[in-house]
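Scroll down for the structure; my scribbles are underneath it.
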Amino acid sequence: MSDHAYTPKSKVGKWFNDRLPILTLANHLTDYPTPKNLNYWWTFGGILTFCLITQIITGLTLAMHYVAHADMAFESVEKIMRDVNYGWLIRYIHANGASMFFLAVYIHIFRSLFYGSYKSPREIIWIIGIIIYLLMMASAFMGYVLPWGQMSFWGATVITNLFSAIPLVGEGIVTWLWGGYSVDNPTLTRFFTLHYLIPFLILGLVVLHIWALHVPGNNNPVGIDIKKPSKDTVPFHPYIVIKDAFALLMFMIVFAFFVFYAPNILGHADNYIEANPMVTPAHIVPEWYLLPFYAILRSIPDKLLGVLAMLFAIIILALLPWLDTSKIRSAVFRPLYKQFYWILLADVLILGYVGAMPAEGLYLLIARIATFYYFLHFLVILPVLGFKEKTLPIPLSITDPVLGGSPNLAIAKNRDSFDN
Amino acid sequence: MIISLKHIIKLIVILTLVNFINHIVNADEKVELLKTDWTFKGLFGKFDRGSLQRGYQVYSQVCSSCHSMKYLSYRNLIEKGGPEFTEEQAKAIAASYEVKDGPNADGEMFVRPGKLSDKFVQPYDNVKAAQAANGGAYPPDMSVLIKARSGGANYIYSLLQGYEDPPAEVTLDEGVYYNKYMYGNKIKMASPLSEGIVTYSDGTEATVEQMSKDITTFLMWTAEPHLESRHKMGFKAIIYLIILTILVYFSMKKIWSRIESEV
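Protein sequence lines, in the order shown, are assigned to chains A and B. Using the numbering used here, you'd call the opening residue of the first sequence number 1 and step up by one each time. Using the numbering used here, you'd call the opening residue of the second sequence number 1001 and step up by one each time.
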């Protein structure tokens, strides 16, 4: 790391720091040189940390009152909502917190896509991020099963059944996952165990994610390498801390609106009906944040291929640093990529929408086109674009474009014509 | 900041587009639910105490003969933010029900009058008994019913007023009724409300519309007993956050001004 050597001033501090250099770490974190032109899309890293901590704290509290048993889970959740002091508040924060977590992670991911943050030398940060995202999906899915409502039960049945698509051993794996011959109490207790475990795995990976980030330092809206520390950087504290705090507070206002005024709007009404293995809901839909992948799954007529397509849709993200052949990071200087970026975003939103609809007729057709385009974007458009695209000239430093607090394209362009 | 704004505008355009497609694809028949002015909606939404008490009357005299309310206790009737019956009233209500208790010292089960701490007495011993008595259909528990139906309060309110003679092409089996708001239009519950089926103790005229409104309000409370304190706390929390956000915004401007002047 690029830090200067640090020695604590006090004797005790020095004694302690020689044995466990935690003060050096704290010093590194406060001094950490950060590009000064980071915009608000960069504040979602801090927001996500907040989301994770919130989920862990509310989750621990809920776990003190929740009963992981097929006959008692639904009732225990209602007890939390009615009789536990502020139980309703804690549960609504936890349930909506999951949605907020995904909202933030999607913004975080799409920010990375726009500014090319996944490119060399940040591939490992990106891959750790994708693993975190995968674990988030697993944890959120299992968390949704815990209240043991109709959508919990049938969602669990549908998703675990996907493993039966594996040739030969599929059925055996499903039975093993269930701990029986259908989704039942053993499934619930193991889901609860894993739902409790995964957030701590995520926490560990978040540490690695930040560690890996602190090696090359942050990417920035201009997407060029900067010298650190230099005129282009500011110390993390107080500049980035206060900016992150401001963005976090704005985010919390939205969060609070959902918790206090629309706590059930993001959930499905059927999950307030206790699980009943004898009655199948009319439409089984996952939570909103899983819908794009659900749409991809259902758009393929063959079960095994559908499952593979869904998995590949996520794995493909991990390969992104090598699929994107362009050396230019920021979409600001990639006029064509920028257009495809927005098309991809629209494509994913459309996938999410059709994922919530019955897989028939026009919806199915739209889902198939959108699925096809999703893979086309990553497998064909991105690799080709790197060779074909005529990129705009990039500035040599962010100091010029940072005038006025944001990357100023006009200056960047002028500067280049000046250089030529 | 300029770029971010452009992004936001594009995002809005995309969202509008998706919403527009949504409207085109969903243009086919969708029954518009009846609506009324719910006092519990909105930033300061509160329950209408009179409506809650009347709603309880409708529940206990009409619905409770088939529908259970298993997550509520009689003590809830006096709690703040609910119908707020007086303790005497709630004790009298509880005592009017017979509760099976036991075993006593002799190992016998016995029946005693209800107490505040008892759960609402259920109309049937179990789901099978409920189905047997209702032509195979289980009358759903009403505790969280409003939250368990898409459309929520408006849906229940509409359903209660949605009974009609079936159109000519629809044939109904014995014990099945036509309701224009029900999913699939066929419902096994006969129209539960009729003019004057309840005599309100506060003298309100018991029209079907009035009773539908009152019972729906009551069911909203049973599903969300802490709705009032949630709204109250939410308002405080959001005001607090807004003030803090403004303060932090100015601190941020101040701190960053050191940099901007340096450049």
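Glycine is no exception: its CB is placed at the ideal position from the N, C-alpha and C atoms.
Exercise. Might you give, ordered along the chain, the residues of its own chain that have their beta carbon closer than 6 Å to the beta carbon of residue 196 of chain A, omitting 5 neighbours on each side?
Key: none
- Kindly list, in the order they appear in chain B, the residues whose Cβ is closer than 7 Å to that of residue 273 of chain A. 1148
| query | Out of curiosity, what's the CA-to-CA distance linking residue 250 of chain A and residue 288 of chain A? | reply | 22 Å
Using the rule of at least 16 other Cβ atoms within 10 Å of the residue's Cβ for burial, across every protein chain shown, is residue 1068 of chain B buried or exposed?
buried
- Query: Within 10 angstroms of its Cβ, does residue 339 of chain A collect 16 or more other Cβ (buried), or is it exposed?
  - Reply: exposed
Exercise. Report the partner residues of residue 219 of chain A according to the DSSP bridge assignment.
Key: Paired residue(s): none; residue 219 of chain A is not in a bridge.
Open item on the list: Does the CB of residue 1038 of chain B have a neighbour CB from chain A at under 8 Å?
Closed with: no
Discussion item. Could you tell me which whole alpha helix (DSSP H) segments of length 4 or greater appear in the stretch 1065 to 1141 of chain B?
Written reply: 1087 to 1095 and 1127 to 1133
(message) Suppose the cutoff is 8 Å on Cβ atoms and the five residues either side in sequence are ignored; what does the same chain contact list for residue 201 of chain A look like?
(response) 135
message = I'd like to know whether the C-beta atoms of residue 1214 of chain B and residue 1042 of chain B end up nearer to each other than 8 Å.
response = no
Item checked: Within 7 Å of chain B by C-beta, residues of the stretch 335 to 354 of chain A in sequence order -> 342, 345, 346, 349, 350 and 353
task = Just the C-alpha distance for residue 9 of chain A and residue 159 of chain A, rounded to the nearest angstrom, thanks.
result = 57 Å
Apart from the five residues on each side of it in sequence, which residues of its chain come closer than 7 Å, Cβ to Cβ, to residue 335 of chain A? 392
Which word fits residue 271 of chain A, buried or exposed, when buried means at least 16 other C-beta atoms lie within 10 angstroms of its C-beta? buried
| task | Scan the stretch 1120 to 1154 of chain B for residues whose Cβ lies nearer than 9 Å to a Cβ of chain A and list them as they occur along the chain. | result | 1140, 1141, 1143, 1144, 1145, 1146, 1147, 1148, 1149, 1150, 1151 and 1152
| 6 Å CB neighbourhood of residue 1045 of chain B in its chain, flanking five on each side removed | 1231
Please classify residue 150 of chain A as buried or exposed, where buried requires at least 16 other C-beta atoms within 10 Å of its C-beta.
buried
Exercise for the section: For the beta strand (DSSP E) containing residue 234 of chain A, list its first residue and its last residue. Expected result: 233 to 235
Worksheet item: What number of angstroms, rounded off, separates the C-alpha of residue 20 of chain A from the C-alpha of residue 333 of chain A?
Response: 45 Å
Flag this pair as yes or no: are the beta carbons of residue 205 of chain A and residue 128 of chain A separated by less than 8 Å?
yes
### Message
Does residue 1201 of chain B pass the burial test, meaning 16 or more other C-beta atoms within 10 Å, or should it be called exposed?
### Response
exposed
If we ignore side chains and look at the alpha-carbon of each, how far apart do residue 1082 of chain B and residue 148 of chain A end up?
27 Å
Exposed or buried, residue 325 of chain A, counting other C-beta atoms within 10 Å across all chains shown (16 or more means buried)?
exposed
| task | Kindly confirm or deny that the stretch 137 to 147 of chain A and the stretch 63 to 73 of chain A touch, where touching means at least three C-beta pairs closer than 8 Å. | result | yes
- Task: For chain B, find out if any of its Cβ atoms is closer than 8 Å to the Cβ of residue 243 of chain A; answer yes or no.
- Result: yes
Of all the CB atoms in chain A, is at least one closer than 8 Å to the CB of residue 1198 of chain B? no
When the Cα of residue 1033 of chain B is compared with those of B/1121, B/1071 and B/1153, which residue comes out closest? B/1153
Note to self: For chain B, check one thing: does any of its Cβ atoms lie closer than 8 Å to the Cβ of residue 212 of chain A?
What the structure shows: no
How big is the Cα-Cα spacing for residue 1186 of chain B and residue 1179 of chain B?
6 Å
Report task. Using a cut-off of 8 Å between C-beta atoms, extract the partners of residue 1157 of chain B located in chain A. Result -> What residue 1157 of chain B touches in chain A: nothing, since even the nearest Cβ is about 15 Å away.
**Request:** Compile a chain-ordered list of the residues in the stretch 1241 to 1256 of chain B whose CB is closer than 7 Å to at least one CB of chain A.
**Result:** 1241, 1242, 1244, 1245, 1248, 1249, 1251, 1252, 1255 and 1256
Contact list for residue 1267 of chain B against chain A, beta-carbon separation under 9 Å: Beyond the ends of chain B as shown, which are 1001 and 1263, falls residue 1267 of chain B; an answer cannot be given.
**Asked** Which partner residues does residue 274 of chain A have in the DSSP bridge list?
**Response** A/149
Would the stretch 1145 to 1161 of chain B and the stretch 1204 to 1220 of chain B be scored as touching if the rule is three or more Cβ pairs under 8 Å? yes
| Considering residue 35 of chain A, what are the terminal residues of the beta strand (DSSP E) in which it resides? | 33 to 35
### Query
Any residues in the stretch 223 to 240 of chain A with a beta carbon nearer than 7 Å to a beta carbon of chain B? Which ones, in chain order?
234, 238 and 239
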